[in-house]
C-alpha cells in the first residue's frame, strides 16, 4: 500500500510506470506537433539555398539567390522602408505605452480605468483586415497623403498594446517599497521616478519595444492596404514577389526576415528569463 | 524639474493617458465609426463613396437585382460568409485537438524544459505569417515537398491537387494560429493541482474519466480562451485564403480586401467589415458571460 502511495505521489516525475495523469502517446503527439510547427520554416530555409530558378526543382546548393536579393534595388528600398517604419513606430508606441502603463498600473483605481484598458488593447481585439480597411477609409476621407507617414501612423496604433503589455506586467510585479525609500530619503517625486522607477522598469520597456519592433516589421495586411506606391515594406514586397512567380529569391529574403524576428524574440526570451530571477 | 506637470493626481493621470487616447481614438476608433457610416452610403464607381444614404450594401449581402430590376435572393456572398464560419470553426477544432495534448504534455515536464517548449511554440508566432504561409505552398503545391517523394516512389501517379482547396486553407489557418490555442491552455493547466488527479484515481476513476471529469473541466477557461483567440483571427484571415486558396476560395477577410483593392465598392466592403466586427463582438460577449458565470459559481462554492 505504501509503495503504491509513493508511486502515486511521485506522479509528475516518475515516468516509467505511467503514473496517474500520464497518457500513452503524448510524447509522440508532441513530436508530431513540433514537426508540423517547424516544417514550413525548415523547408523555407532549405529551399533558399536552391540554385535552380524554380523554387520546387532542386538544382543544387548555392548562395546565388542571396546575392541576387542583396543586389536588388527594390528589396533594398523595401528593407529601408521597413526599418524606418519599425524604428519610428517602436519609439513612439513604446513612449505612449509607457505613459499609459504608469497610470494604469500605478494610478490606483479611478473612473474610466476599465475603459482606458479596453481602448489601449482595442487593436488586439479588432481583426487586422477591419483595422486596415478602417484606416484606409479614414486617410482617404481626410485626404492624408504622407506616404510612409501614413504607414507609420497605422503601425504606431497597433504597436501600442504590444508595447503596453510587458511594461504593465513589469510595473505590476515591481515592489513600490524602493520608490518609497527614495522618497523617505528626500528624493523629489521626479528624482524617485528618474533614478528608481525608470531603471527598474527598463527591462519591461525594452521587452515592449522589442515586441513592437517585431510586430511592425512583420505586419503585412495593414501596410498593404494603407501604404501606397513608394511605401512598400519588405513583407508587402515579398507578397508582390509571390504573386509574380515563385523563385528562390523569395525564400532568401524571407529567411533573412525570419532570422531577424527569431533573433529578437530569442533576445526577448533571455531578457525576460533574467528579470524573472 | 517637474514643475510643468499638473499638480493634481487626476490631472497627471489624464496627461499620462492622453497620448494613448489620442492615437487609438483618432486612428482606430474614429476610422471604425466612419467605416460604419460608409456602409450606409452609395458607392462611387471609382472608389470612395457618394454622400447618399442607402441600404444597398447590406441588401447586397443577400440579394441582387435581376435584369428587370427585381430583388432576387443571391446566396453567393452568404455562401462565402458561411464558409468562413465553417473553415474558422474547423480550424479552431483542429487546433484544439492538436494543441490540447501538447499543452498537457508540456505541463508534465520539469520546469526548465517547460519554458523551453513554450519558447519553441512562441517562435513561429512572432515570425512573419505571410512567409510561413508561403512555405506551405512549397510543401503542398504541385511538385512540392509532399508530392515529389510520393510520385518518385510510385505511390501516387498524378498530382494530389492539394493546393487551392478548402483543406489547404484549413491547414494554413490551423498552422497560423496553433500557438494561440496552446498558450492559454497551458497557462490554465499549469495551475492545475495534480493531487486532484490522484484523488480521482483513489476514488476509482479510470484514466479516461480523470481526463474528462477532472482535467478538462478545470482547464475549461483556458480552452475557451484558446478557441476564441484562434476563431477570431481565422474569421478575418486574408493571407491563408489568398495564398493557399488561390484567391478563388474567398473568405470574409479576403472578400473585404477585394472590395477595396479591386471591386471598388467601399460601402459593401464596409458592410462586410461591420459584419465581421459584430461576429467578433458576439464572440467576446459570449466569452465575458462565460467568465462571469464561472466567477459566480466559484464565488458561491
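Protein chains in written order, with our numbering: chain R, 1 to 277; chain L, 1 to 301. All C-beta atoms in this analysis are idealised placements derived from N, C-alpha and C, irrespective of residue type, glycine included.
Cut-off 6 Å between Cβ atoms - residues of its own chain near residue i, not counting five sequence neighbours on either side
i, result
"residue 251/R", "44, 47 and 48"
"residue 344/L", "Lying outside 1 to 301, the shown extent of chain L, residue 344/L is not represented and no answer is given."
"residue 286/L", "none"
"residue 184/L", "222, 225 and 226"
"residue 121/L", "179 and 182"
"residue 91/L", "170, 173, 174 and 234"
"residue 41/R", "none"
Outcome for residue i when other beta-carbon atoms lying within 10 angstroms are tallied against a minimum of 16
i, result
"residue 265/R", "buried"
"residue 46/L", "exposed"
"residue 101/L", "buried"
"residue 33/L", "exposed"
"residue 31/L", "buried"
"residue 81/L", "buried"
"residue 274/R", "exposed"
"residue 253/L", "buried"
"residue 80/R", "exposed"
"residue 20/L", "buried"
"residue 5/R", "Low confidence applies here, because residue 5/R scores a pLDDT of 47, under 50, leaving its location unreliable; read the following figure in that light. Classification of residue 5/R: exposed, given that the 10 Å Cβ count is below 16."
"residue 214/R", "buried"
"residue 225/R", "buried"
"residue 210/R", "buried"
"residue 27/L", "buried"
"residue 202/R", "exposed"
"residue 10/L", "exposed"
"residue 63/R", "exposed"
"residue 190/R", "exposed"
"residue 73/L", "exposed"
"residue 216/R", "buried"
"residue 18/R", "exposed"
Sequence-distant residues of its chain with Cβ nearer than 7 Å to residue i (five each side left out)
i, result
"residue 283/L", "228, 231 and 232"
"residue 179/R", "192, 196 and 197"
"residue 294/L", "221"
"residue 12/R", "Low confidence applies to residue 12/R: its pLDDT is 47, below 50, so where it sits in the model is not reliable, and the reading given next is rough at best. Nothing listed; no residue qualifies."
"residue 228/R", "147"
"residue 301/L", "The predicted position of residue 301/L is uncertain, since its pLDDT is 46 and thus under 50; no value can be drawn from it."
"residue 136/R", "225 and 226"
Contacting residues, own chain, Cβ-Cβ under 8 Å from residue i (five flanking each side not counted)
i, result
"residue 209/L", "200"
"residue 52/R", "58, 59, 60 and 248"
"residue 74/R", "232 and 237"
"residue 107/L", "114, 186, 189, 190 and 192"
Assumed close pair residue i, residue j - CB separation to whole angstroms, cut-off 8 Å
i, j, result
"residue 87/L", "residue 166/L", "6 Å"
"residue 267/L", "residue 41/L", "5 Å"
"residue 57/L", "residue 271/L", "4 Å"
"residue 104/R", "residue 168/R", "6 Å"
"residue 207/R", "residue 268/R", "6 Å"
"residue 93/R", "residue 153/R", "Between residue 153/R and residue 93/R the Cβ distance is about 11 Å, and since that is not below 8 Å, they are no contact."
"residue 276/L", "residue 256/L", "7 Å"
"residue 85/L", "residue 133/R", "Not confirmed; about 20 Å, so no contact."
Does the segment 118–129 of chain R touch the segment 175–185 of chain R, meaning 3 or more C-beta pairs lie closer than 8 Å? no
* Taking a cut of 9 Å between CB atoms, which residues from the segment 119–145 of chain R lie near chain L? -> 119, 120, 122, 123, 125, 126, 127, 128, 129, 130, 131, 132, 133, 134, 135, 136, 137, 138, 139, 140 and 141
**Prompt:** Looking at C-beta atoms only, is the number of pairs between the segment 88–106 of chain R and the segment 154–163 of chain R that lie closer than 8 Å three or more?
**Reply:** Enough Cβ pairs lie closer than 8 Å, so yes.
At a cut of 8 Å, does the segment 161–173 of chain L reach the segment 66–82 of chain L through at least three beta carbon pairs?
Short answer: they don't touch.
Interface residues of the segment 208–228 of chain R facing chain L [CB-CB below 7 Å]:
Contact annotation: in the segment 208–228 of chain R, residues whose CB is within less than 7 Å of a CB in chain L are 214, 218, 220, 221 and 225.
> Given 8 Å as the limit, is there contact between the segment 206–220 of chain L and the segment 187–194 of chain L, that is, 3 or more CB pairs closer than that?
Replying inline: yes
- Task: Would you check if the segment 37–54 of chain L and the segment 143–154 of chain R touch, i.e. whether three or more CB-CB distances between them fall below 8 Å?
- Result: Verdict: no, contact absent.
Q. Would the segment 222–239 of chain R and the segment 67–83 of chain R be scored as touching if the rule is three or more Cβ pairs under 8 Å?
A. Verdict: yes, contact present.
For this session: Identify each residue in the segment 246–266 of chain L for which the Cβ-Cβ distance to at least one residue of chain R is less than 9 Å, and report them in chain order.
Result: Going along the segment 246–266 of chain L in chain order, one finds 252, 253, 254, 256, 257, 259, 260, 261 and 266 with a Cβ nearer than 9 Å to chain R.
Review point. Using a beta-carbon distance cut-off of less than 8 Å, what residues from the segment 226–247 of chain R approach chain L?
Key: 235, 238, 239, 242 and 246
* To do: Taking only beta carbons into account, state which residues of the segment 127–138 of chain L come closer than 9 Å to chain R, listed in chain order.
  => 127, 128, 129, 130, 131, 132, 133, 134, 135, 136, 137 and 138
Using 8 Å as the threshold, is the segment 65–73 of chain L in touch with the segment 141–152 of chain L, meaning 3 or more CB pairs across them?
-> no
Quiz prompt | Near-chain L residues of the segment 85–117 of chain R (beta-carbon distance less than 7 Å), N- to C-terminal order | solution = 96, 99, 100, 102, 103, 107, 110 and 116
For the segment 55–74 of chain R, which residues have a beta carbon sitting closer than 8 Å to at least one beta carbon of chain L?
55, 56 and 57
Which residues of the segment 28–43 of chain R have a Cβ closer than 8 Å to any Cβ of chain L? Give them in chain order.
Against chain L - using a Cβ distance shorter than 8 Å - the residues of the segment 28–43 of chain R are 29, 30, 33, 34, 36, 37, 38, 39, 40, 41 and 43.
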